[in-house]
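Reviewing the structure listed below.
4 protein chains.
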Amino acid sequence: MPEPAQLHEPGAPRVLVAGATGFAGALAAQLLWHHPYFELAAVTARSHGGVELQELYPRYRVPLAFEEPAGARGADAALVGYPHGASARAVGEFYDEGLRVIDLSADMRLASLETYEQWYGEHPRSELLDEAVYGLTELHRPALADARIVGNPGCYPTATLLALAPLAREELIADVVIDAKQGISGAGRSFDERTHLSLAGENIAPYAVTGHRHTPEIEEQLALVGYEGRVLFQAHLAPLDQGELVSCYVTPTREIDGDELTAIYKRAYADEPFIEVTAGPPGTRDVRETNFCRIHAALHRHTGRVIAFAALDNLWKGTSSQAIQNLNLMYGRPEGEGLL
Amino acid sequence: MPEPAQLHEPGAPRVLVAGATGFAGALAAQLLWHHPYFELAAVTARSHGGVELQELYPRYRVPLAFEEPAGARGADAALVGYPHGASARAVGEFYDEGLRVIDLSADMRLASLETYEQWYGEHPRSELLDEAVYGLTELHRPALADARIVGNPGCYPTATLLALAPLAREELIADVVIDAKQGISGAGRSFDERTHLSLAGENIAPYAVTGHRHTPEIEEQLALVGYEGRVLFQAHLAPLDQGELVSCYVTPTREIDGDELTAIYKRAYADEPFIEVTAGPPGTRDVRETNFCRIHAALHRHTGRVIAFAALDNLWKGTSSQAIQNLNLMYGRPEGEGLL
Amino acid sequence: MPEPAQLHEPGAPRVLVAGATGFAGALAAQLLWHHPYFELAAVTARSHGGVELQELYPRYRVPLAFEEPAGARGADAALVGYPHGASARAVGEFYDEGLRVIDLSADMRLASLETYEQWYGEHPRSELLDEAVYGLTELHRPALADARIVGNPGCYPTATLLALAPLAREELIADVVIDAKQGISGAGRSFDERTHLSLAGENIAPYAVTGHRHTPEIEEQLALVGYEGRVLFQAHLAPLDQGELVSCYVTPTREIDGDELTAIYKRAYADEPFIEVTAGPPGTRDVRETNFCRIHAALHRHTGRVIAFAALDNLWKGTSSQAIQNLNLMYGRPEGEGLL
Amino acid sequence: MPEPAQLHEPGAPRVLVAGATGFAGALAAQLLWHHPYFELAAVTARSHGGVELQELYPRYRVPLAFEEPAGARGADAALVGYPHGASARAVGEFYDEGLRVIDLSADMRLASLETYEQWYGEHPRSELLDEAVYGLTELHRPALADARIVGNPGCYPTATLLALAPLAREELIADVVIDAKQGISGAGRSFDERTHLSLAGENIAPYAVTGHRHTPEIEEQLALVGYEGRVLFQAHLAPLDQGELVSCYVTPTREIDGDELTAIYKRAYADEPFIEVTAGPPGTRDVRETNFCRIHAALHRHTGRVIAFAALDNLWKGTSSQAIQNLNLMYGRPEGEGLL
């Protein structure tokens, strides 16, 4: 096979991916490598130095070798895929060197330092929180265009907020229970009981019953669009690879009929290139390996509740392809470039 | 291989399984064939006449051939695995001939004829509803011992009621949302879009969003143990074979702490041979191909709600092995005979 | 979501896909819809008239509705995804109207009419066989450029021939056993025992033990590159969606060492854009949803045999993306256009 | 739930399982715990001291806690599930203390010390090899009855030898290629790239291409029944949990017709309680979680070869349930006790 050539224009922004051995970082690198505009400047990782990304992920066909993390390496922007804490430090270094940075961890997502510390411990670069823009594209498009630091959302908050924002904006949420299901890739490239096919197969199980870290992120963002209460968020692992479905059970603030409900969602997402408001309940298979989120809301007449479903790929729209969507915005590119 | 011999005592009750080509009927037949007490008298079906059950289900190793449905064939008891409507007619015929009958369909589950007709249409033998006992063993054990007709519960109501009954009895339920997930065997031996591996794989999707037929069954039974309100029940299909998890989100009638909650469940199920109250959230894998139901309840401090989970195998405790558990009770046998 | 627009230049060839409800036709339509050069003129099918392709395959996002099969509809080229027999008739009609045609069925693959009739019965348009070029791109590239009719290869022959051609050309094959494994999508959009997740899951099983129809296709093509003997080809279904691995056990005509073997394969595929000669044994996951084929050959010192493995996606390089690769060739486009 | 009670007669042999945290040891312990005759004396392991087996494997419902490995603990017999090398030392200690021992590792399988050392390195207790009986029940039944040490076969040799022994005894094998496929449980309770659902899913891949350790075991045993040549054995991993299929491609020493072939297999296994000679090709699903092996042999007319297939559950008949079958034999019990 002839050596593949990266597709990019001379002078295109050079983007570095830090922490590219994990599922999220590797996918971000792959999307950049095949992106028609950006240049993938380097992939770095704290292990696997000298190993090509395509040895770990052959299907991604990225022939760059992992390099030691060390500075900006001439890049204009960086995507950071480290665990929280480590991520903030890397984000800070890149920012200090003048790069525009998208952080895939939780470190730049929360506006409230107090909330952060409660869930994650000390924040190594808390002064940057004011600079960071929350990277749920559909909610923060204008601010993202100029962002220096983007806190890319968690996969659960992405699905949940896309499902609930139209209701929140109409002040229709009195209370909400969110039941989320996700595939095994959500546990990351971790080798343990949760990910072994012989233990994870034929298994659906709840986890983080005492409270999931994505809860405050959901609440903080919902408050911005009109719902200031608490949410119950419960996560489950299911035996598939990539895919996430959230089922949101909303007690509405007033009676609502089905037609109005449909109209609210249709209107909310009429111009969104990656949101599909579907006529029936959405499944994860229909969004696998895409940046699309499929949403359906229905009135449960028997109880008067509203159920809002959202399905997406936890690694794509839930993480890495949304990061590229944001990068497109930040550099004035068509929002779907490299993603369609 | 030498021909296998069925294990049973002379004079043991002879049990017929009607509608044994489906998943539920076939499993019931298999459990009876290997049961140390009962004799499997015959397997009948409206198709596959002359074909041995083990040709359709080799793993079950039941060498009886399917016979045309035609009367009692000398049996003492019958398990009926037909679709609703057809099932009531078969149940009626067997009952008229003096057999004790367990119906795996919905036809004998609901006490209210009006409710039945609303969800399923006309009832061909509605006068039998008064005779029928609801076959959730843990809730109706005394009545089951003498039952002539048992309406074996749906798999979703089994899990849901086992999860919620302890709270209902304490009048702790003010409101409840039930999010249920089930494997593909829940769709039965149907060959269509829902069951094709290439369409069902990598998919989690809600179904029956406008209302699931198991809702009235859950409400009718919950009313008997102390909760008379409506429930929101939402089902989902997930890419596994056998397994079902329900996650019940309960708004309690009063504040409750975690210790009290644990005590309620421990006490409720202390003597139950097939209920395991677990220390952490239960998974479906841990109950696969067993008659066990694993239950866990937790206080969600952040919202004050109670979450009750129940995991079981939809074909076993959710259907066929629970039928055998009931049959054991009806004939004064140890409740776990043939199931451990 | 705004209505998607198909990407194509004015004046670009218009391509019709006939039989687009099946897995192969639908994927071909999807690849054409997103192809930067060709225009997808229409999708036809004998069922589902008026239904959009994206209703059956939401992930493909092709908003064209299925039309009744009826002539060329102004297209310049056609891909035909009908079953054999029906396919030849459709190919003939398109050819008569002056279209260039790629047939995904077996009807245009075999040069020998006698062999065809032995395996498939009467051939409705046998006079076209002389016109047809066998569409294994890597073996017939020059002829494909000018082809009016292409017999696109079966998925098994594609993998097998790519694995064995380098050895055949060196006259190194004295005898060969081919053990092939494939995912459930290989059974097509058929709803039956083979494809039900609850029956196909946890199952690996051989099929077509008396002889697989792909055998003569493999033998006819191997003869062209230097091996004129018979082959034993045995197929198996395995519980995954898309993916195919062939393991070819070759008795060589002479002793060969590992270095020579590696050199033969490296040389054979040095300039091939979609063939990867790998350092270790290839897996199907690494080629999923790509047009790539990964190949590895090793000397089994203990017996002196050569083992040649090839992994590809049965729906992509095994069927539909190879058809697009051929279409690119036929219209003088870069071979990988729309496939990278 | 009431505490379960182990079912056994007073005075029944007490059996210890050493290395019971792995898949094979844990299953052996489960089968013993529910066995109507034997008493499970203890489960030991080098980790997880004090943890109950049912915490690691809830479905097995064995409430014994893992103990430190330390002597016989009053047991009459032991099953050893350690890795090779360590296993021989434990077998030796138990044997020295007078126990009858079944070793699940490779340490007691090979008669030739030279062969062992070539594949596994130094043997810590090679003097025991003369004492050991190879535990493929169907081949060594008489010797197993009196065995003090049993070398329980590997899962691949079990399937392969059961498929080939009837042909070998008739001196019908001139040459053989064995293509084996196995589920992920074959990789054991190892947490790595091979077992992560997101890497193992959608993957079929060969491994151990340079030669699998089970090759000499197959050759040594085949020589005892009539084929003294070399074999080519190639293993593959497939995305299921438990299950193994071997496809054996035999060049026969003489022409043979299909009827004779069928007769040979029917005769060979007519009295075997756990071997099913099937009319069509066998699948792994049909033997899942059973001690059965399903076998089918067919003549491939086109090439004159014989193909023999065998399907079994790698953890059951391939390992742990076969060990119980042997234990039954060793203690004069019905061979299928606790396994039907």
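If you read the sequences in order, they're chains A, B, C and D. Quick note: the first sequence uses the numbering used here, first residue 1, plus one each step. Quick note: the second sequence uses the numbering used here, first residue 1001, plus one each step. Quick note: the third sequence uses the numbering used here, first residue 2001, plus one each step. Quick note: the fourth sequence uses the numbering used here, first residue 3001, plus one each step. Glycine included, each C-beta is placed from N, C-alpha and C at the ideal position. None of the values given here were measured: they were computed from a predicted structure.
{"Query": "Beta-bridge partners of Tyr-2134 (chain C), as assigned by DSSP", "Result": "C:Gly-2151"}
{"Query": "Top-ranked residue by Cα proximity to Asp-257 (chain A), from A:Gln-234, A:Leu-299, A:Tyr-227 and A:Thr-278", "Result": "A:Leu-299"}
{"Query": "Contact the stretch 1306-1319 of chain B vs the stretch 1155-1165 of chain B: 3+ CB pairs below 8 Å", "Result": "yes"}
{"Query": "Nearest to Leu-3129 (chain D) (by Cα), restricted to the options D:Ala-3147, D:Arg-3109, D:Ala-3145 and D:Pro-3142", "Result": "D:Arg-3109"}
{"Query": "Where Tyr-3207 (chain D) sits in the DSSP three-state scheme", "Result": "strand"}
{"Query": "Beta-carbon gap between Gln-325 (chain A) and Ile-1307 (chain B) smaller than 8 Å", "Result": "no"}
{"Query": "Simplified DSSP state of Arg-267 (chain A), which is helix, strand or coil", "Result": "helix"}
{"Query": "Spatial distance of Val-1231 (chain B) from Asp-1179 (chain B) (CA atoms)", "Result": "11 Å"}
{"Query": "Proximal residues of chain D, C-beta to C-beta of Ile-184 (chain A) below 9 Å", "Result": "His-3196, Leu-3197, Ser-3198 and Gly-3201"}
{"Query": "Pair within 8 Å by beta-carbon distance, Gly-1050 (chain B) and Phe-1066 (chain B)", "Result": "yes"}
{"Query": "Rounded straight-line distance, which links the Cα of His-3236 (chain D) to that of Leu-1312 (chain B)", "Result": "33 Å"}
{"Query": "Residues of its chain near Leu-1113 (chain B), where Cβ-Cβ distance is below 7 Å and the 5 sequence neighbours each way are ignored", "Result": "His-1123, Ser-1126 and Leu-1129"}
{"Query": "Beta-carbon separation (whole angstroms), Ile-1184 (chain B) vs Asp-1241 (chain B), contact threshold 8 Å", "Result": "6 Å"}
{"Query": "Status (buried if at least 16 other CB within 10 Å, exposed otherwise) for Thr-210 (chain A)", "Result": "exposed"}
{"Query": "DSSP-derived helix/strand/coil call for Ile-275 (chain A)", "Result": "strand"}
{"Query": "Members of the stretch 2277-2307 of chain C near chain A, C-beta cut-off 9 Å", "Result": "Val-2277, Thr-2278, Pro-2282, Gly-2283, Arg-2285, Asp-2286, Val-2287, Arg-2288, Glu-2289, Thr-2290, Phe-2292 and Arg-2294"}
{"Query": "DSSP state of Glu-228 (chain A) mapped onto helix, strand, coil", "Result": "coil"}
{"Query": "Residue range of the beta strand (DSSP E) that includes Tyr-249 (chain A)", "Result": "244-252"}
{"Query": "Whole-Å CB distance - Leu-2329 (chain C) paired with Leu-2144 (chain C), under 8 Å assumed", "Result": "5 Å"}
{"Query": "Closest by C-alpha distance to Asp-3031 (chain D), when choosing among D:Arg-3014, D:Tyr-3060 and D:Gly-3022", "Result": "First, the amino acid is wrong: residue 3031 (chain D) is Leu here, not Asp. The residue with the shortest Cα to Cα distance from Leu-3031 (chain D) is D:Tyr-3060."}
{"Query": "Pair within 8 Å by beta-carbon distance, Phe-2023 (chain C) and Arg-2189 (chain C)", "Result": "yes"}
{"Query": "Test: Arg-3333 (chain D) CB closer than 8 Å to a CB of chain B", "Result": "no"}
{"Query": "At least three beta-carbon pairs within less than 8 Å, the stretch 3191-3211 of chain D to the stretch 3134-3142 of chain D", "Result": "no"}
{"Query": "Beta-carbon neighbours of Pro-58 (chain A), restricted to chain C and to distances below 7 Å", "Result": "Asp-2286"}
{"Query": "Nearest-angstrom Cα separation, counted from Cys-2293 (chain C) out to Phe-2094 (chain C)", "Result": "31 Å"}
{"Query": "Counterpart residues of Ile-295 (chain A) in DSSP-defined beta bridges", "Result": "A:Val-277 and A:Ala-310"}
{"Query": "From C:Glu-2171, C:Pro-2036 and C:Ala-2132, residue whose alpha carbon lies closest to that of Asn-2152 (chain C)", "Result": "C:Ala-2132"}
{"Query": "Within 8 Å, strictly: CB atoms of Arg-1285 (chain B) and Val-1250 (chain B)", "Result": "no"}
{"Query": "Cutoff 8 Å: Phe-3066 (chain D) Cβ touching any chain A Cβ", "Result": "no"}
{"Query": "Where Ala-1045 (chain B) sits in the DSSP three-state scheme", "Result": "coil"}
{"Query": "Partners in chain B for Pro-2206 (chain C), counting only beta-carbon separations shorter than 8 Å", "Result": "Chain B residues near Pro-2206 (chain C): none, gap ~15 Å exceeds 8 Å."}
{"Query": "Contact set between Phe-2274 (chain C) and chain B, taken where Cβ atoms lie within less than 7 Å", "Result": "Within 7 Å Cβ-Cβ: nothing; Phe-2274 (chain C) doesn't reach chain B, min ~23 Å."}
{"Query": "Proximal residues of chain F, C-beta to C-beta of Pro-3166 (chain D) below 8 Å", "Result": "Absence of chain F from the displayed structure is noted, the protein chains being A, B, C and D."}
{"Query": "Proximity test, Cβ basis, 8 Å: Asp-2313 (chain C) and chain B", "Result": "no"}
{"Query": "Own chain, CB closer than 7 Å to Arg-3333 (chain D), minus 5 neighbours either side, in chain order", "Result": "Tyr-3037"}
{"Query": "Three-state class that DSSP yields for Arg-100 (chain A) in the structure shown", "Result": "strand"}
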